[in-house]
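Enquirer:
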Amino acid sequence: MNSQHFTTVGLGYIIAEAAVDETMVSGIGGVGYPRLIIPLKLHFNAANDPGTDYCFSGLDARLYHSNAGLAADALPIRLRRVLRSHPSYAGDDHLNLEFPLDARRISQLEILRDGKDLPLRLDLTLAAEEHGSIPRGEKTNQAANWGLRWHQHLTAQLTFTVPRSVWIERVLAQVGHGVVHVVELSAVPIEACKTLQSSYDGLRLAQTLHNQGLYDEAVMKCRIALEPFFDQVPVDATHKDSRRIPKLKPSWEMKLGKATAVWLNDVLVGIKQAANPTAHSSMRHFDQFESQMIQAITTTVIAYAARTMTTEGKV
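Here the sequence shown is numbered in the working numbering, starting from 25 and rising by one per residue.
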């Protein structure tokens, strides 16, 4: 847990301290209204000046990433904390800073995170007032009044790092980021179809890798998920060492008709070719958007193919 303090201007008195528990950062709202929740503990120190009270009315927060600048502004928080001069213990406030986000900003943070922990910074502004005895002066010969001495906006910067596992499991999963739906049709029992099971497992693993920011590996699993639908056919059948290429298994033409089978073959081969660079070249990489699109297309085509399978699960 990282912490930082608020110091009064002039007197240099540490009046409050703020702390963030990085392991409790979370997301809410799904894709419709995504928000980042950062739990903040405010510890108030007792006033060290007899006859002086402090009042706190509000807290503002801005969230930054070191490489991208401002990420979001928190919704305003109203405070009703008064520090009297006589108690020895002032108390704590436990707050949830709520930062509205959108798909663009979440994607930008994901790119900056690059599959690792996420370093962030909070700029906090605490509205504080000092109340105490105000002398009326010798000429008026009047007693001192109790009133407002000053109003300040105290600032503090607090840096912290959200662990990779917390960001994936507690934030991304709750804001609907990178969700890829794998279609499982009840008409085809997945337990009775080893080929479909292999493709289904590949897509599930691709989704897990994608959520971890491992986009190249996610695309590779999409390519592997298609393998059960192909035979490796030699380009030149007269040569035993001829180069082999993937071709849709002949049984699909019997099920779908020639025209539809040709279409399905072209689509599946197109997906495999799109994913091939990550398997054969270290120079080609996929970003978050490309990984999402390849997963969505692969899942849709496999779901369509699964519907045409026999109840025995043969292709």
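Yeah, the Cβ is synthetic: ideal placement off N, Cα and C, and Gly gets one too.
How big is the Cα-Cα spacing for residue 27 and residue 82?
Expert: Looking up residue 27 in the sequence shown gives position 3. Looking up residue 82 in the sequence shown gives position 58. Cα to Cα, the separation comes out at about 19 Å.
Enquirer: Hey, would you say residue 171 sits closer than 8 Å to residue 76, going by beta carbons?
Expert: Mapped onto the sequence shown, residue 171 falls at position 147. Mapped onto the sequence shown, residue 76 falls at position 52. The answer is no: Cβ separation not under 8 Å.
Enquirer: Inspect the beta-carbon positions of residue 293 and residue 274 and report whether they are closer than 8 Å.
Expert: Taking the first residue of the sequence shown as 1, we reach residue 293 at position 269. Taking the first residue of the sequence shown as 1, we reach residue 274 at position 250. No, the pair does not count as a contact, with Cβ atoms beyond the cut-off.
Enquirer: What residue does the beta strand (DSSP E) around residue 191 start on, and which one ends it?
Expert: One-based indexing of the sequence shown puts residue 191 at position 167. Taken as a continuous stretch (DSSP letters only), residue 191 belongs to no beta strand (DSSP E), as it is neither H nor E.
Enquirer: Across the segment 86 to 95 and the segment 225 to 239, are there enough close Cβ pairs to call them in contact, namely three or more that are closer than 8 Å?
Expert: No, the segment 86 to 95 is not in contact with the segment 225 to 239.
Enquirer: Residue 37: which of 133, 190, 70 sits nearest, CA to CA?
Expert: Position 13 of the sequence shown holds residue 37. Answer by Cα proximity: 70.
Enquirer: Hey, could you find the ends of the beta strand (DSSP E) residue 267 is sitting in?
Expert: Along the sequence shown, one-based indexing puts residue 267 at 243. It is not in any beta strand (DSSP E) - residue 267 carries neither H nor E in the DSSP assignment.
Enquirer: What three-state label does DSSP hand residue 226 in the structure shown?
Expert: The sequence position of residue 226 within the sequence shown is 202, counting from 1. In this structure, residue 226 counts as helix in the three-state DSSP scheme.
Enquirer: Residues in its own chain within less than 8 Å of residue 179 by CB, not counting five upstream and five downstream?
Expert: In the sequence shown, residue 179 corresponds to position 155, counting from 1. Here the set comprises 30, 147, 148, 149, 150.
Enquirer: Which class does residue 147 belong to by DSSP, given the choice of helix, strand or coil?
Expert: Numbered from its first residue, the sequence shown carries residue 147 at position 123. Reduced to three states, the DSSP call for residue 147 is strand.
Enquirer: Measure from the alpha carbon of residue 298 to the alpha carbon of each residue in 248, 272, 278, then state which is nearest.
Expert: Here residue 298 refers to the residue found at position 274 when the sequence shown is read from its first residue. Closest by alpha carbon: 248.
Enquirer: With a CB to CB cut of under 7 Å and the five nearest residues on each side skipped, what residues in its chain are close to residue 207?
Expert: Position 183 of the sequence shown, counting from 1, holds the residue named residue 207. In this predicted model, residue 207 has a pLDDT of only 47, less than 50, meaning its place in the structure is not dependable; the value taken from the coordinates is given anyway. Contacts found: 323, 327.
Enquirer: For residue 80, is the classification buried or exposed, using 16 other Cβ atoms within 10 angstroms of its Cβ as the cut-off for buried?
Expert: If you number the sequence shown from 1, residue 80 lands on position 56. It counts as buried.
Enquirer: Could you name each continuous beta strand (DSSP E) segment of 3 residues or more that falls completely within the segment 36 to 115, going from the start of the chain to the end?
Expert: Those beta strand (DSSP E) runs which fall completely within the segment 36 to 115 and span 3+ residues are 38 to 44, 50 to 52, 59 to 68, 76 to 89, 93 to 97, 101 to 107.
Enquirer: How would you label residue 39, buried or exposed, when you count the other beta carbons within 10 angstroms and need 16 or more for buried?
Expert: Stepping through the sequence shown from its first residue, residue 39 is reached at position 15. The residue in question, residue 39, is buried, as its Cβ has 16 or more Cβ neighbours within 10 Å.
Enquirer: Residue 280 to residue 225, Cα distance in whole Å?
Expert: For this step, residue 280 is matched to residue 256 along the sequence shown. For this step, residue 225 is matched to residue 201 along the sequence shown. Distance between the alpha carbons of residue 280 and residue 225: 25 Å.
Enquirer: Tell me which residue opens and which closes the alpha helix (DSSP H) that residue 243 is part of.
Expert: Position 219 of the sequence shown holds residue 243. That run of the alpha helix (DSSP H) goes 239 to 249.
Enquirer: Hey, would you say residue 195 sits closer than 8 Å to residue 51, going by beta carbons?
Expert: For the purposes of this step, residue 195 is identified with residue 171 of the sequence shown, where counting begins at 1. For the purposes of this step, residue 51 is identified with residue 27 of the sequence shown, where counting begins at 1. Result yes, Cβ atoms of residue 195 and residue 51 sit closer than 8 Å.
Enquirer: Would you identify the three-state DSSP class for residue 310, choosing helix, strand or coil?
Expert: The count along the sequence shown starts at 1 and reaches residue 310 at position 286. If DSSP states are grouped into helix, strand and coil, residue 310 belongs with coil.
Enquirer: From the DSSP secondary-structure annotation, give me the bridge partner or partners of residue 253.
Expert: The residue given as residue 253 occupies position 229 in the sequence shown. The partner list for residue 253 (beta bridge, DSSP) is empty, contrary to what the question assumes.
Enquirer: With distances taken Cα to Cα, identify the nearest neighbour of residue 107 among 152, 119, 285, 100.
Expert: Working through the sequence shown from its first residue, we reach residue 107 at position 83. Nearest option by C-alpha distance: 152.
Enquirer: Helix, strand or coil, according to DSSP, for residue 133 in the structure here?
Expert: Position 109 of the sequence shown, counted from the start, is the residue given in the question as residue 133. Correct three-state label for residue 133: helix.
Enquirer: Locate the alpha helix (DSSP H) running through residue 280, then write down its first and last residues.
Expert: The count along the sequence shown starts at 1 and reaches residue 280 at position 256. Its alpha helix (DSSP H) spans residues 275 to 280.
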